[in-house]
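One structure below.
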Amino acid sequence: MPISPDFERRLHAVLPAAAEHFGTPFHIYDERGIHENCRRFDRAFAGTPYREYFAVKGLPNPVPLRLLGEHGFGFDCSSLPELTLAAQAGAVGHDICFTSNNTSAAELIAALRLGALINVDDESVFTKLTALGPLPDTLCFRVHPGTSGAKVGESYLGRAESAKFGIPADRLPQLCAEALRLGVSNVGLHMMLGSGFMTQEPFLLSLGLLLDQAERLHRELGADVGFVNLGGGIGIPYRPDEEPFDLPALGREITHALVAWEQRTGLPRPTVLFECGRYITGPHGALVTRVVNRMSKTREYVGVDAGMSSLMRPAMYGAYHHITVPGGEGRPVEVVDVVGSLCENNDKFAEQRSLPAVVEGDFVVIHDTGAHALSMGFNYNGRLRPQELLLRHDGGIERIRRAEEQEDYFATLTFQPSRLVPGRTANAVSTVR
Ligand SMILES: *Cc1c(COP(=O)(O)O)cnc(C)c1O
Numbered sequence: 085m086p087i088s089p090d091f092e093r094r095l096h097a098v099l100p101a102a103a104e105h106f107g108t109p110f111h112i113y114d115e116r117g118i119h120e121n122c123r124r125f126d127r128a129f130a131g132t133p134y135r136e137y138f139a140v141k142g143l144p145n146p147v148p149l150r151l152l153g154e155h156g157f158g159f160d161c162s163s164l165p166e167l168t169l170a171a172q173a174g175a176v177g178h179d180i181c182f183t184s185n186n187t188s189a190a191e192l193i194a195a196l197r198l199g200a201l202i203n204v205d206d207e208s209v210f211t212k213l214t215a216l217g218p219l220p221d222t223l224c225f226r227v228h229p230g231t232s233g234a235k236v237g238e239s240y241l242g243r244a245e246s247a248k249f250g251i252p253a254d255r256l257p258q259l260c261a262e263a264l265r266l267g268v269s270n271v272g273l274h275m276m277l278g279s280g281f282m283t284q285e286p287f288l289l290s291l292g293l294l295l296d297q298a299e300r301l302h303r304e305l306g307a308d309v310g311f312v313n314l315g316g317g318i319g320i321p322y323r324p325d326e327e328p329f330d331l332p333a334l335g336r337e338i339t340h341a342l343v344a345w346e347q348r349t350g351l352p353r354p355t356v357l358f359e360c361g362r363y364i365t366g367p368h369g370a371l372v373t374r375v376v377n378r379m380s381k382t383r384e385y386v387g388v389d390a391g392m393s394s395l396m397r398p399a400m401y402g403a404y405h406h407i408t409v410p411g412g413e414g415r416p417v418e419v420v421d422v423v424g425s426l427c428e429n430n431d432k433f434a435e436q437r438s439l440p441a442v443v444e445g446d447f448v449v450i451h452d453t454g455a456h457a458l459s460m461g462f463n464y465n466g467r468l469r470p471q472e473l474l475l476r477h478d479g480g481i482e483r484i485r486r487a488e489e490q491e492d493y494f495a496t497l498t499f500q501p502s503r504l505v506p507g508r509t510a511n512a513v514s515t516v517r
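Going by the working numbering, the first residue of the sequence shown is number 85, and it counts up by one from there.
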């Protein structure tokens with residue numbers, strides 16, 4: 085099931101007016117759908133203490149971020165701009181989780197300044213942190229899944245030996261002991277096996293691996309693990325025939341596992357954290373384009389006014405995004421490639437897709453662009469990124485990001501002149517005429 089029939093109905097009702105007022109193309113997000121989804125998440129995990137930290141990279145716009153923050157979600161960040169966005173959306177202290185990798189001291193300083201919950205991806209990060217001053221009271225360690233996690237996580241992590249994320253489990257106790265010695269009092273553990281999972285298995289597997297580590301840390305160091313972060317990666321059904329992820333079942337299974345662990349070990353059960361992006365906003369966005377061109381050669385081509393700068397997933401991952409033609413019911417069906425204008429033959433939203441026959445000017449709606457869509461877009465070929473709109477609860481539509489313009493593309497060509505002649509000092513260069 086791609087975007088919900090409810091969102092689709094409300095979107096179609098406003099499409100002509102929105103296109104007239106704002107122009108196309110645009111990503112449009114559904115406030116009502118996002119809000120209902122947040123509540124669904126809360127209900128699924130009502131059985132155990134939990135918090136969702138929305139992965140900012142999925143939808144890095146302060147307006148929807150604020151909606152999620154108002155709901156009580158935190159933000160998962162992994163770069164300086166993402167930290168700034170989370171702060172702009174009103175997040176403070178532990179509302180922010182900093183899950184970086186290959187991390188610089190500057191990023192750690194910014195995260196510490198915000199009081200963010202820091203997720204240590206590697207021993208090198210820990211060393212950098214200790215050099216920056218006293219450690220925070222709370223610290224989380226990202227655990228490498230080793231070979232047991234490799235099978236389910238291969239799509240994202242690659243093979244176990246090439247997975248770059250996390251601390252190998254055999255080095256965890258020593259690192260944790262050092263953290264405790266340096267004043268850390270609340271320890272968390274994190275593991276993320278991959279992205280786009282449609283079954284519970286990977287999450288129960290990482291929970292099990294983290295609980296084993298928690299038990300071991302208690303036994304060896306007397307440490308109580310206060311929270312386990314299962315990362316993001318809950319998938320959404322991009323295809324019409326796919327079943328949605330059974331979130332209530334995952335909530336029940338996780339609660340069962342925690343209760344059983346609590347009873348067996350006598351230790352207090354850790355709070356469960358998530359960092360889902362796609363699951364939260366993915367299905368509540370659509371890219372609205374217009375047909376600008378029809379071409380007929382070995383295949384039939386439908387050219388639209390957006391391309392990879394708006395959505396890279398089909399070209400980058402061969403991902404399926406459902407496509408519909410509002411008002412296309414009852415028209416003859418054609419098999420077409422839906423393409424953008426980039427000088428790359430993979431700049432296609434769909435290949436050999438059956439769609440109602442379209443003509444120039446028709447709307448073509450690309451579904452499930454609420455996460456990892458605009459945020460992944462790029463400017464190759466001088467292709468500019470489109471605007472973002474928000475369909476509010478009351479049916480109003482707001483622009484929440486303008487489209488890029490040529491000036492944005494050229495912005496980095498305005499700069500302080502700087503020149504170096506190697507072998508001379510910078511001062512000497514400035515006096516040379
Ligand atoms: C990308 C990412 C997420 C979000 O992934 P989704 O598939 O959108 O849920 C969460 N945590 C980390 C560390 C990530 O890299």
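All C-beta atoms, glycine included, are put in the ideal place defined by N, C-alpha and C. Quick caveat: nothing in here was measured; it's all calculated off a predicted structure.
Is the beta carbon of A247 less than 8 angstroms from the beta carbon of L291?
no
Could you check the C-alpha separation between A512 and P501 for me, to the nearest Å?
Model confidence at A512 stands at a pLDDT of 49, short of 50, so the residue's coordinates are unreliable and nothing is read from them.
List the residues that DSSP assigns as beta-bridge partners of N313.
H274 and L357
D205 and C181 closer than 8 angstroms at C-beta:
no
Let me make sure I understand the geometry here. Which of F91, E115 and D90 has the alpha-carbon closest to that of I484?
E115
Check for me: the beta strand (DSSP E) holding A434 runs from which residue to which?
K432 to P440
Alpha carbon to alpha carbon, what distance is there between G174 and P146?
Their Cα atoms are separated by approximately 9 angstroms.
In terms of alpha-carbon separation, which member of K141, F287, R150 and D221 lies closest to C122?
R150
S502: beta carbon under 7 angstroms from a heavy atom of ligand 2?
Among the ligands present in this structure, namely ligand 1, ligand 2 is not found.
Between which two residues does the alpha helix (DSSP H) harbouring F210 extend?
E207 to A215
Whole-angstrom C-beta distance between T355 and G316, which should lie under 8 angstroms
With 8 angstroms as the limit, G316 and T355 do not qualify as a contact, their Cβ atoms being about 17 angstroms apart.
Classify T168 as helix, strand or coil using the three-state DSSP reduction.
helix
By DSSP, does A97 sit in helix, in strand, or in coil?
Of the three classes helix, strand and coil, the one that applies to A97 here is helix, per DSSP.
Close Cβ partners of T515 (< 8 angstroms) along its chain, the five nearest in sequence each way excluded:
Residue confidence for T515 is low, a pLDDT of 47 falling below 50, so the modelled location carries little weight and cannot support an answer.
C122 CB to nearest heavy atom of ligand 1 below 7 angstroms:
no
By Cβ distance below 8 angstroms, which residues in the same chain neighbour L468 in space, the five residues on each side in sequence not counted?
S393, A487, E488, E489, Q490, D492 and Y493
Would the beta-carbon of R508 fall within 8 angstroms of that of E444?
Not in contact: R508 and E444 (Cβ atoms no closer than 8 angstroms).
Residues sharing a beta bridge with Q284, DSSP:
Paired residues: none, contrary to the question.
For A333, I'd like the list of residues in its chain whose CB is within less than 8 angstroms of its CB, leaving aside the five on either flank, ordered along the chain.
Q284
With a CB to CB cut of under 8 angstroms and the five nearest residues on each side skipped, what residues in its chain are close to A305?
In the sequence on display, residue 305 carries Leu and not Ala. Closer than 8 angstroms at Cβ, skipping near neighbours: P257, C260, A261 and L264.
What number of angstroms, rounded off, separates the C-alpha of I450 from the C-alpha of L288?
Cα to Cα, I450 sits roughly 33 angstroms from L288.
Beta-carbon contacts of V419 that lie in its chain and below 6 angstroms, excluding the five residues immediately before and after:
Q436 and S438
For Y137, count neighbouring C-beta atoms within 10 Å of its own C-beta (all shown protein chains included) and say buried if the count is 16 or more, exposed if not.
buried
So, helix, strand or coil for T515, using DSSP?
Annotation note: pLDDT 47 at T515 (below 50); position unreliable, coordinate value reported separately. T515: helix per DSSP, three-state reduction.
I'd like to confirm the pairing. Which residues does DSSP put opposite Y113 in its beta bridges?
G369 and L474
In angstroms with no decimal places, state the Cα-to-Cα distance between G414 and T408.
Their Cα atoms are separated by approximately 13 angstroms.
Starting from the C-beta of G250, find all residues in its chain whose C-beta is less than 6 angstroms away, skip the five residues before and the five after it, and write them out in chain order.
So the list reads R226, V227 and H228, once near-sequence residues are dropped.
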